[in-house]
Structures are given as structure tokens and as C-alpha cells.
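Visitor: Below: one structure in C-alpha cells.
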Amino acid sequence: MALLEIKVNGRQHRLEIEPAANLLTVLREQLFITSPKVGCETGDCGTCNVIIDGKLRRACLTNAMSVNGSEITTVEGVGEKGALHPLQTSFYENYASQCGFCTPGMIMASKALLDQNPNPSELEIKEALSGNLCRCTGYVNIIKAVKAASDTSGQEVGK
Amino acid sequence: MSNLKVVGQSKRRYDGMGHVTGSATYVDDVFVPGTLAVKVLRSPVHKGIIKKLDISKAESLPGVHGVITYEDVPCNTYGYLTLDQLVLVEDLIRYKGEPIAAVAADTVEIASEAVGLMALEIEKQAPVFDPVAAVEPEAPKVRPEGNILMVGERPYRQVYNGDIEKGFDQADEIIENDFFFPSQEHAPMETQVSLAVPTDDSRLTIYTVTQGLYFLLKQIQRILGQGEDVSDRWSHRHQYTHHGVGYSDIKYVSCNVGGAFGGKTELHADAIAALMALKTGKPCKWRWTREEEQLHSARHSPWLMHFKDGVTRDGRIVARQVFTRHDAGAYTGLSSYVVDKHAFYCAGPYYLPNVDVKCQVVYTNKVPTGAIRGFGVTPGTYACEIQMNMIAEKMGIDPWELRFINAMRNRDQLATRTKLDSVYLIETMQKLAEICNHPLDAKFSAMNSDPREA
Chain A
15 MALLEIKVNG
25 RQHRLEIEPA
35 ANLLTVLREQ
45 LFITSPKVGC
55 ETGDCGTCNV
65 IIDGKLRRAC
75 LTNAMSVNGS
85 EITTVEGVGE
95 KGALHPLQTS
105 FYENYASQCG
115 FCTPGMIMAS
125 KALLDQNPNP
135 SELEIKEALS
145 GNLCRCTGYV
155 NIIKAVKAAS
165 DTSGQEVGK
Chain B
-3 MSNLKVVGQS
7 KRRYDGMGHV
17 TGSATYVDDV
27 FVPGTLAVKV
37 LRSPVHKGII
47 KKLDISKAES
57 LPGVHGVITY
67 EDVPCNTYGY
77 LTLDQLVLVE
87 DLIRYKGEPI
97 AAVAADTVEI
107 ASEAVGLMAL
117 EIEKQAPVFD
127 PVAAVEPEAP
137 KVRPEGNILM
147 VGERPYRQVY
157 NGDIEKGFDQ
167 ADEIIENDFF
177 FPSQEHAPME
187 TQVSLAVPTD
197 DSRLTIYTVT
207 QGLYFLLKQI
217 QRILGQGEDV
227 SDRWSHRHQY
237 THHGVGYSDI
247 KYVSCNVGGA
257 FGGKTELHAD
267 AIAALMALKT
277 GKPCKWRWTR
287 EEEQLHSARH
297 SPWLMHFKDG
307 VTRDGRIVAR
317 QVFTRHDAGA
327 YTGLSSYVVD
337 KHAFYCAGPY
347 YLPNVDVKCQ
357 VVYTNKVPTG
367 AIRGFGVTPG
377 TYACEIQMNM
387 IAEKMGIDPW
397 ELRFINAMRN
407 RDQLATRTKL
417 DSVYLIETMQ
427 KLAEICNHPL
437 DAKFSAMNSD
447 PREA
């Protein structure tokens, strides 16, 4: 067993884990943080996206010990009911989810984008979400939601 | 109208807040302490006979709590309409990936290792994949009883109305075309997952991804209940190992579903998770890998459709003869229902006085097919509408006008001999033409769905 110290959604954790365990398993099965989903376990679908020290990463491809000492954010840490992040409000209001399984990963990828680039073009949004698969929506409302949550397009959508 | 509370308004998704905050619970997000991981030995061949299966090494691997084969299944046959599918293979393998044995262990890694330790000897047989080749007399048999589903005495489902030969005699042109509708995998973001939890009150709780809770409850009850249908028994609680598991012994819990599109209508993971829970007395979770989901879950069947229409010079379709092959894969599943739907809808929303639709279910050594987005109807409608366009081209008639000429009206009779009332196809098409600025001849703008003159 190995000792892992990580901060998840602002809370410090000290855990004994299997040295080979990936971050997704540790988050889900040891911390019961379940918004990162198991979609493919090969880094293809993006449902397990988390932000580690400000960077978007696939939790399924991340060895947990390799991020020892890091700060991790999942969608639970982005905002909650009553205190939603603009992206969460925007996904909710723009019908950007259907089954909802890809939504946490989509929001994390969008947040990583807006943190770096608060006013992205549609092409930049598409590029930022190109690693996230959704089987229900056809992506249109997701892109609309990210646009609505970014700085200037909020006004455009309001028109 | 002003007192309407919902109509005319956009309402947020009732589950949308859970989606965006990560609090929505899917089956895989349900954790019960002490849950074992399930893995399944799947057939590595498309067709064959199991000569030997030795599970002793897997059973004795530290961390393994139980291994099951078909001998552990109280009733090994199930199905929606035809009880021909097996929970675990007995001897004849009919498709690649068919479950043969299952194991429950402390971790996924140990369970996978145990599957690798099962000694399996198979006598390979030649499979058949092409539904056209499968109906040839010398084709390898997918099932001992033959590769075609018999519908009564006939090797196809038939819908017949009028007099097809007379219909063709009245026609000025005969237009024949072949259509192919390929197979399709649903590929939901959430793979198949099932968590079965034995509880102290002799009940079994199953958390499922299914879209059809009551469809599958009946099937699970049959599998666990030694084939006896005691679905009406609500008050008697028995030990599961006993004869007679009833509906009330199973608590079937549906969670948020991570995409299904029909693909979570079949009994994919629940029976084996339940059987493992009964074998070990512990909660058991079986989550399919992405690879299993893509390769081994039920899919949209491929269809081959031949349409032959008799058309008069003024655009009336006076006869339609259809022959369709539906590739069911290795088991019947919902196929007998699907060919019904297909046969009923092949004539489209058109009044065709003489109709002969024959629709054949063919078995091949492929993954069984299942529900997906209007299955049966979708391929038939696709072929019908493309055929309409091809008729229009051949006859030199505007494709819109061809549809007006043949559209169903009130008191018209479907090929299934149902008389229709409240038909608004003509009015709908007029509105559509208006919306997309398609000019219509005055004759068609003035039409309505009133009964045609005798």
C-alpha cells in the first residue's frame, strides 16, 4: 500500500491506496466522489475529466500516486445547488444535458477552457470539447451553454 | 387558455440539477460495503461445442468467492417472446462473446485473473454471418432447429391484403429496388452495470440500468425461480436457494440511466449479477468494460429489403410486394415482435389497395439484436420513402405530388385491415410545403383528408 495525500475540492485527504491505482478509482471507490464517471477507462471519452493543479486531466489515465500532493477539482467542487458556477447554470438552462453521464466531464473541460480563455470563439469551444463524447445531445446545446457562460456571449444569448 | 401551467413554457429538466452538480446517481455510483466484482468468461469463438470447462483453478484463487456455470442457474433459458436464450452456455456456442461462466472476487483484477485460469476446450465449428447465406440448405446451423424463425407454418411473417397479382395487372410500370439497413451499436456513455445485494429479509435488491424494469423483472424471476412463473405470488417469501422465487423476493431498483437508446432493454448484466449474489451471499457488481459494451451488447439488426411496386401512369401505387430479411443474430430476442412492426409499417402512410409483405427472421452467429429507436419501423420507413422518391423520378412526377396522390385519408384501410379515422397527412404536408416554401399545384393545395369517392 502507498500513502497518498491530495486535496480534493478544497478538502485535504490522507489515504492508503494500491500503488498502481488510478485516480478515478481512488476518487470514486475510496472518497465516493462519483461525478467523474467510468466511460471507457482508456482516455477516449472524457467522462472522468478532473482539473489537477489547474490542468485538465483524465482521471482514468492518471496514476493516483503520480499526483501526490496535488489539488484536484471535480464538478462537486465547482459549485453546488444554490451556489452554482455560471457554467453549471448555463448547462442547466440551455438543456445541455440529456442522460447527464457526460455532463461532469463536459463542465470540467469547459471550466479548464474558460479559466484560460474567458471569451473563446465557437471554434475554440469545439476544440476544447473535442476530447469529450456525448451520445445524446448532438453537442449543439453544450456549445451554446459554454458560449452563454463565457464573458461576452452572455449578452449575445440575452438578445 | 391562460390557466395553462406547463403548455407553452420551457421547463428545465427535472434531473438537470443533479447532472450539472454531479449528484445524479447512476448504478455504478451506488456503493455497498463488501461488494464483490464480477467478471465473465465469454466465448472466444463464433460457433462451437464446449468439450471441457474446468473452473477448479479459478475457484481456488485467493480472493475468489464463487464461480458459476450453467449448472448453477435455476432456469437457464429466457427471452422476451421465445425462451431460447441461455444465461450461461451449456454446450453449443452461438456467438462470439456469449457468457460461459462467471466469477465474483474481492477486486476486478482478481476476478479477471480467475477468468484467465478457467480451462476451456472448444471444438470450433464453421459459423455463418451472412443472412442470405444462412438460409441456404447447406449453411451451418446456428440453432439445431434451423436458421429461420417459423411463424406458424410459414418461414416469414406475412401481411396480405387485396389481390397482389390483380394489382400488378392494373399497373403501367413495375418499379423494383433493393435496400440495405446496416447494423448499429447504441454505444451509451454508461456501459451495462448491475449491482445485486442480498438482504437479511431474504430479498434480493438489484440496482439496474434497464429501461424496462417490469419486462426484465419477469425474466429474472423466471431465471431465479426454476422456470416456474410465480410472478403473481406477492405474500410468500422464500429463501432464494429454494424453489419459487416470486416477484416480492426481488426488489428491482432503477437509477439514472446514462444513455440507452433501446440498448438497455435486454437482460444484459442483471441475471448474472443476481446469480453471483445468491452464490456468494454477498453484494456483487458487474460493470461491463467499454470493449464488452461495443462488442457484446445487443444491437440494431441489419435488414435487407426488396420492394416491388406497381404504379399507374397517374401516380397511384396499386400494388406493393415486399420481401425483407431481418438478421436477428444468434437468438430471437424481440425479433418476432419486430417483424410484426416492420410488416405493418412497410406500406407507409399510403393507401395501397393490394399489399403483400413477407418478413423473414434469419439467425446468424452474431450478437443477438434488440431494441433501438423504432426498430423494425425505421428500416421499413427508410426503404418506403426512398422507394417513393425513386418512383417519382421514374414516373416523372414531383415527389411531393406522388405523396399527395397516395396519402392515407379518412376511412382508408391499412394493409392490416384497420380502417382509419382522424387522418391529417394531407393537411400536414400542405403545412410543411408552406413552411419550406415548396410551391404546390392548386389541385394539391385544395385537397383534404375527407374520404375518397368510391
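The listed protein sequences correspond, in order, to chains A and B. According to the working numbering, the stretch in the first sequence is residues 15 to 173, in order. According to the working numbering, the stretch in the second sequence is residues -3 to 450, in order. Yeah, the Cβ is synthetic: ideal placement off N, Cα and C, and Gly gets one too.
#1: Using a Cβ-Cβ cut-off of less than 9 angstroms, list which residues of the segment 172 to 187 of chain B approach chain A; keep chain order.
#2: Tell me, which residues are paired with H322 of chain B by DSSP?
#3: Would DSSP call N131 of chain A helix, strand or coil?
#4: With respect to the alpha helix (DSSP H) encompassing S332 of chain B, which residues constitute its N-terminal and C-terminal limits?
#5: I need the boundaries of the beta strand (DSSP E) containing P95 of chain B, first residue and last residue.
#6: Taking Cβ-Cβ distances below 7 angstroms as the criterion, which residues of the segment 17 to 46 of chain B are in contact with chain A?
#7: Could you compute how far the alpha carbon of T31 of chain B sits from the alpha carbon of T78 of chain B?
#8: Identify which residue in A:I157, A:A16, A:Q26, A:E32 has its Cα closest to the Cα of T103 of chain B.
#9: Starting from Q317 of chain B, follow its DSSP beta bridges and name the residues at the other end.
#10: Closer than 7 angstroms by C-beta to F400 of chain B: which residues in its own chain qualify, once you throw out the five before and the five after it? Chain order, please.
#11: Should Q235 of chain B be labelled buried (16 or more other beta-carbon atoms within 10 Å of its own) or exposed?
#12: Is it a yes or a no for the segment 240 to 257 of chain B touching the segment 345 to 361 of chain B, going by three-plus beta-carbon pairs under 8 angstroms?
#13: List the endpoints of the continuous alpha helix (DSSP H) containing P194 of chain B.
#14: What residue from B:E449, B:A294, B:R413, B:G258 has the CA that sits closest to D352 of chain B's CA?
#15: Output needed for V40 of chain A: all residues of its chain with C-beta closer than 6 angstroms, excluding positions within five of it in sequence on either side, in chain order.
#16: Short of 7 angstroms Cβ to Cβ, which residues in the segment 110 to 124 of chain A face chain B?
#17: Assign C432 of chain B to buried or exposed, taking buried as 16 or more other Cβ atoms, counted over all protein chains shown, within 10 Å of its Cβ.
#18: Since H15 of chain B meets chain A, which of its residues come closer than 7 angstroms, beta carbon to beta carbon?
#19: Assuming contact is defined by CB atoms lying nearer than 8 angstroms, are I246 of chain B and Q222 of chain B in contact in what I supplied?
#20: Under 9 angstroms between beta-carbons, which chain A residues line up against N252 of chain B? List them in chain order, please.
#21: Report buried or exposed for Y76 of chain B, applying the criterion of at least 16 other Cβ atoms within 10 angstroms of its Cβ.
#22: For G93 of chain A, name the three-state secondary structure that DSSP assigns.
#23: Would you please state the rounded distance, in angstroms, between the beta carbons of L300 of chain B and P127 of chain B? I believe it to be under 8 angstroms.
#24: Taking its Cβ as the centre, do 16 or more other Cβ atoms sit within 10 Å of E149 of chain B, making it buried, or is it exposed?
#25: Of the residues B:K214, B:P151, B:V138, B:L348, which one's Cα is nearest the Cα of K92 of chain B?
#26: Taking the beta strand (DSSP E) that D174 of chain B belongs to, which residues open and close that run?
#27: Taking the alpha carbon of M13 of chain B as the point to measure from, which residue in A:A162, A:S144, A:C113 has its own alpha carbon closest?
#28: List, in order along the chain, the chain A residues whose C-beta lies closer than 8 angstroms to that of T285 of chain B?
#29: Can you find a C-beta in chain B that's less than 8 angstroms from the C-beta of C144 of chain A?
#30: Answer yes if the segment 318 to 332 of chain B comes into contact with the segment 142 to 156 of chain B, meaning at least three C-beta pairs across the two stretches below 8 angstroms, and no otherwise.
#31: Mapping DSSP to helix, strand and coil, what is E134 of chain B?
#32: Tell me which residues share the same chain as A411 of chain B and place their Cβ nearer than 6 angstroms to its Cβ, disregarding the 5 neighbours each side in the sequence.
#33: Terminal residues of the continuous alpha helix (DSSP H) containing C380 of chain B?
#34: Would you tell me roughly how many angstroms separate the C-alpha atoms of R369 of chain B and E262 of chain B, rounded to the nearest one?
#35: Are the CB atoms of P50 of chain A and T88 of chain A within a distance shorter than 8 angstroms?
#36: Pull up the distance between the alpha-carbon of A20 of chain B and that of D11 of chain B, whole angstroms please.
Guide: Checking against the coordinates, here is how it stands:
#1: Answer in chain order: H182, A183, P184, M185, E186, T187.
#2: The residue given as residue 322 of chain B occupies position 326 in the second sequence. Answer is B:W299, B:V357, bridged to H322 of chain B.
#3: As a working note, residue 131 of chain A is residue 117 in the first sequence. Residue state, collapsed to three classes: coil.
#4: As a first step, residue 332 of chain B is located in the second sequence; it is residue number 336 there, counting from the start. Note, S332 of chain B: alpha helix (DSSP H), 331 to 341.
#5: By 1-based counting over the second sequence, the position of residue 95 of chain B is 99. Residues 95 to 101.
#6: For the segment 17 to 46 of chain B, which is checked against every Cβ of chain A, the residues closer than 7 angstroms are T17, G18, A20, Y22, D24, D25, F27.
#7: Here residue 31 of chain B is taken as the residue at index 35 of the second sequence, counted from 1. Here residue 78 of chain B is taken as the residue at index 82 of the second sequence, counted from 1. When rounded, the distance between both Cα atoms is 34 angstroms.
#8: Counted from its first residue, the second sequence places residue 103 of chain B at position 107. Sorting A:I157, A:A16, A:Q26, A:E32 by C-alpha distance to the C-alpha of T103 of chain B places A:E32 at the top.
#9: Within the second sequence, the letter at position 321 stands for residue 317 of chain B. For Q317 of chain B, DSSP records a beta bridge to B:K304, B:D352.
#10: In the second sequence, the residue the question calls residue 400 of chain B occupies position 404. Taken in chain order, the residues that qualify are I422, M425, F440, M443.
#11: Position 239 of the second sequence, counted from the first residue, corresponds to residue 235 of chain B. Below a pLDDT of 50, predicted positions are generally treated as unreliable, and Q235 of chain B, at 44, falls in that range; the measurement from the model is reported next regardless. Exposed, because fewer than 16 other Cβ atoms sit within 10 Å of the Cβ of Q235 of chain B.
#12: Segments in contact, no.
#13: In the second sequence, the residue the question calls residue 194 of chain B occupies position 198. In the DSSP assignment, P194 of chain B falls outside any alpha helix (DSSP H) and lies within the beta strand (DSSP E) extending over 189 to 194.
#14: To locate residue 352 of chain B, count along the second sequence from 1; it is residue 356. Of B:E449, B:A294, B:R413, B:G258, the residue nearest in Cα terms is B:R413.
#15: Counting from 1 along the first sequence, the entry for residue 40 of chain A is found at position 26. Around V40 of chain A: I31, A78.
#16: Residues S111, C113, G114, F115, C116, T117, P118, I121.
#17: Sequence index remark: in the second sequence, residue 432 of chain B carries index 436 (1-based). C432 of chain B comes out exposed.
#18: For the purposes of this step, residue 15 of chain B is taken as residue 19 along the second sequence, with counting starting at 1. Result: S111, G114, T117.
#19: Working through the second sequence from its first residue, we reach residue 246 of chain B at position 250. Working through the second sequence from its first residue, we reach residue 222 of chain B at position 226. Result no, Cβ atoms of I246 of chain B and Q222 of chain B do not sit closer than 8 angstroms.
#20: Here residue 252 of chain B is taken as the residue at index 256 of the second sequence, counted from 1. C113, G114, F115, listed in chain order.
#21: Reading the second sequence from its first residue, position 80 is the one you call residue 76 of chain B. By the 10 Å Cβ count, Y76 of chain B comes out buried.
#22: Looking up residue 93 of chain A in the first sequence gives position 79. DSSP, read as helix, strand or coil, puts G93 of chain A in coil.
#23: Here residue 300 of chain B refers to the residue found at position 304 of the second sequence. Here residue 127 of chain B refers to the residue found at position 131 of the second sequence. Yes, they are in contact, since the Cβ atoms of L300 of chain B and P127 of chain B sit about 7 angstroms apart, within 8 angstroms.
#24: Translated into positions along the second sequence, residue 149 of chain B becomes position 153. Exposed, since its Cβ has fewer than 16 Cβ neighbours within 10 Å.
#25: Your numbering for residue 92 of chain B matches position 96 in the second sequence. Comparing Cα positions, the closest option is B:V138.
#26: Indexing the second sequence from 1 puts residue 174 of chain B at position 178. Counted as a single uninterrupted DSSP element, the beta strand (DSSP E) harbouring D174 of chain B occupies residues 169 to 177.
#27: Within the second sequence, numbered from 1, the residue matching residue 13 of chain B stands at position 17. Answer by Cα proximity: A:C113.
#28: On the second sequence, position 289 is the one that residue 285 of chain B refers to. Annotation: Cβ neighbours of T285 of chain B in chain A (cutoff 8 angstroms, chain order): E55.
#29: On the first sequence, residue 144 of chain A is found 130 positions in, with the first residue counted as 1. For the sequence presented, residue 144 of chain A should be read as Ser rather than Cys. For S144 of chain A, the answer is no, since every Cβ of chain B falls outside 8 angstroms of its Cβ.
#30: Below 8 angstroms, enough C-beta pairs join the segment 142 to 156 of chain B and the segment 318 to 332 of chain B to call them touching: three or more.
#31: Locating residue 134 of chain B in the second sequence gives position 138, where the first residue counts as 1. E134 of chain B falls in the coil class under three-state DSSP.
#32: For the purposes of this step, residue 411 of chain B is taken as residue 415 along the second sequence, with counting starting at 1. The answer, listed in chain order, is V155, N157, A343, V351.
#33: In the second sequence, residue 380 of chain B corresponds to position 384, counting from 1. From DSSP, the alpha helix (DSSP H) with C380 of chain B extends over 373 to 391.
#34: Sequence index remark: in the second sequence, residue 369 of chain B carries index 373 (1-based). Sequence index remark: in the second sequence, residue 262 of chain B carries index 266 (1-based). Straight-line spacing of the CA atoms in R369 of chain B and E262 of chain B works out to 14 angstroms.
#35: The sequence position of residue 88 of chain A within the first sequence is 74, counting from 1. The sequence position of residue 50 of chain A within the first sequence is 36, counting from 1. Taking a C-beta distance under 8 angstroms as the contact criterion, T88 of chain A and P50 of chain A qualify as a contact pair.
#36: Translated into positions along the second sequence, residue 20 of chain B becomes position 24. Translated into positions along the second sequence, residue 11 of chain B becomes position 15. Computed Cα separation, rounded: 7 angstroms.
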